[in-house]
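Just below is one structure, and these are the notes that go with it.
Number of protein chains: 2
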Amino acid sequence: MTDGQHLERRMDWFRQRCKRAGLACTHQRQVIYRVLAASESHPSPESVYERVRMEIPSISVATIYKSIRTFMDQGLLQQVNPLHEAARLDANLEPHHHLVCTACKSVEDLPAELIEAPRPVRPLPNGFRAREFHIEVLGLCARCAGKG
Amino acid sequence: MTDGQHLERRMDWFRQRCKRAGLACTHQRQVIYRVLAASESHPSPESVYERVRMEIPSISVATIYKSIRTFMDQGLLQQVNPLHEAARLDANLEPHHHLVCTACKSVEDLPAELIEAPRPVRPLPNGFRAREFHIEVLGLCARCAGKG
DNA sequence: GTAGTTGCAAAAGCTTTGCGCAGTA
DNA sequence: TACTGCGCAAAGCTTTTGCAACTAC
Chain A
133 MTDGQHLERR MDWFRQRCKR AGLACTHQRQ VIYRVLAASE SHPSPESVYE RVRMEIPSIS
193 VATIYKSIRT FMDQGLLQQV NPLHEAARLD ANLEPHHHLV CTACKSVEDL PAELIEAPRP
253 VRPLPNGFRA REFHIEVLGL CARCAGKG
Chain B
133 MTDGQHLERR MDWFRQRCKR AGLACTHQRQ VIYRVLAASE SHPSPESVYE RVRMEIPSIS
193 VATIYKSIRT FMDQGLLQQV NPLHEAARLD ANLEPHHHLV CTACKSVEDL PAELIEAPRP
253 VRPLPNGFRA REFHIEVLGL CARCAGKG
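First to last, the sequence lines map onto chains A and B. The opening residue of the first sequence carries number 133 in this note's numbering; numbering runs sequentially from there. The opening residue of the second sequence carries number 133 in this note's numbering; numbering runs sequentially from there.
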């Protein structure tokens, strides 16, 4: 299957999901989703905006942001950086990982000894040179688990 | 050793590091660093600002941000979320991790099969309920490694 | 004394919101 | 036709910058 065929399959699937969710399958949303699905570079909203503008010059930034939010609510899209709203500082200089509560956005430290160090099965792709493995455990802290 | 003693040790160490780096050891910087070192909650700059203001009501937000940047440049401080400037979107719905280049901030996908799944050595602390393990491999992409 | 630091205010990103018009179902 | 979604502009956050006054060394 070529990349183009694969992309069109995803677009079909996208249109089905829209229908199922009661979302209007507008030209804008389709172009935005196609840009996202075709991109391998984890673009920022700004970058999506630029690419979509090549096809729909009159598109507005607000539409990009609104669509992104809608797609995330539908589970069609994720963020690489769930804690991107503001910087979160960490003065702990010992090796450690993080327990991130997806409900209240709290972050706890997890000392590195408490979890097995991840090891690549084979060398990393594209000659990537690893310096540090950082594990984010996404889940619910005791407080939020109790509420839910 | 009590927490208070531990904190004072860190403050001594901080003052040494400042001296060694040629940084003025101002009252503001000491209070800001103490707040950071004493905090376990990975505070945002805003939150640091509020706590520092209890001790130095005339402190300005700009000073907080400048100090944070200085501390990070010195390796005294890290960010939990290195990619927090703008949202980075991810339409890949297969299980995968991320290769994050710390130089150019590019992100590549790493299929989950290519790395051993991390396993906690014992149950996670504080009753944290894990839903997903997400590995960020920090390092240099081939392009940036070539430049350096 | 000099260089580096602070506080203020203004500005620069990123993201959200309100509203009237337009396109979808 | 009813209603959802779009584009525009304004506003809200977070973070940075320029500059004059001040402080550590």
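Even for Gly, the Cβ is constructed at its ideal location relative to N, Cα and C.
Contact belief for residue i with residue j at Cβ below 8 Å, rounded distance in angstroms
i, j, result
"R261 of chain A", "G271 of chain B", "5 Å"
"A169 of chain B", "G259 of chain A", "Incorrect: roughly 38 Å between the Cβ atoms, too far for contact."
"L208 of chain B", "R149 of chain B", "6 Å"
"L231 of chain B", "L242 of chain B", "5 Å"
"R166 of chain B", "M143 of chain B", "6 Å"
Distance between residue j and residue i (C-alpha atoms, nearest Å)
i, j, result
"I164 of chain B", "T134 of chain B", "21 Å"
"K237 of chain A", "N213 of chain A", "12 Å"
"Q211 of chain B", "I200 of chain B", "10 Å"
"G278 of chain A", "A235 of chain A", "12 Å"
"L221 of chain A", "S176 of chain B", "6 Å"
"P257 of chain A", "E178 of chain B", "39 Å"
"I267 of chain A", "S171 of chain A", "25 Å"
"T298 of chain B", "V239 of chain B", "The first residue shown for chain B is 133 and the last is 280, placing residue 298 of chain B beyond what the model contains."
"S252 of chain B", "S173 of chain A", "This sequence places Pro at residue 252 of chain B; Ser is not what is there. Straight-line Cα distance between these residues: approximately 31 Å."
"P250 of chain A", "V269 of chain B", "10 Å"
"I196 of chain A", "R152 of chain A", "21 Å"
"D205 of chain A", "Q137 of chain B", "47 Å"
"I188 of chain B", "R141 of chain B", "22 Å"
"K198 of chain A", "R147 of chain A", "17 Å"
"C233 of chain B", "C276 of chain B", "8 Å"
"V193 of chain A", "E264 of chain A", "36 Å"
"S190 of chain B", "A244 of chain A", "39 Å"
"E248 of chain B", "E248 of chain A", "9 Å"
"W145 of chain B", "W145 of chain A", "57 Å"
Beta-carbon gap between residue i and residue j smaller than 8 Å
i, j, result
"H216 of chain A", "A223 of chain B", "no"
"L155 of chain B", "T202 of chain B", "yes"
Query raised in the report: What residue ranges within the segment 240-280 of chain A form continuous beta strand (DSSP E) runs of no fewer than 3 residues, ordered along the chain?
Result: 261-272
Report task. Say whether the segment 180-193 of chain B touches the segment 225-243 of chain A, bearing in mind that this needs 3 or more beta-carbon pairs closer than 8 Å, one atom from each stretch. Result -> no
**Report entry** Every unbroken beta strand (DSSP E) within the segment 181-243 of chain B, with a cutoff of 3 residues, ordered by chain
**Finding:** 228-233, 239-243
Requested in this report: Let me know the beta strand (DSSP E) ranges lying completely inside the segment 135-163 of chain A, each 3 residues or longer, listed in chain order.
Outcome: none
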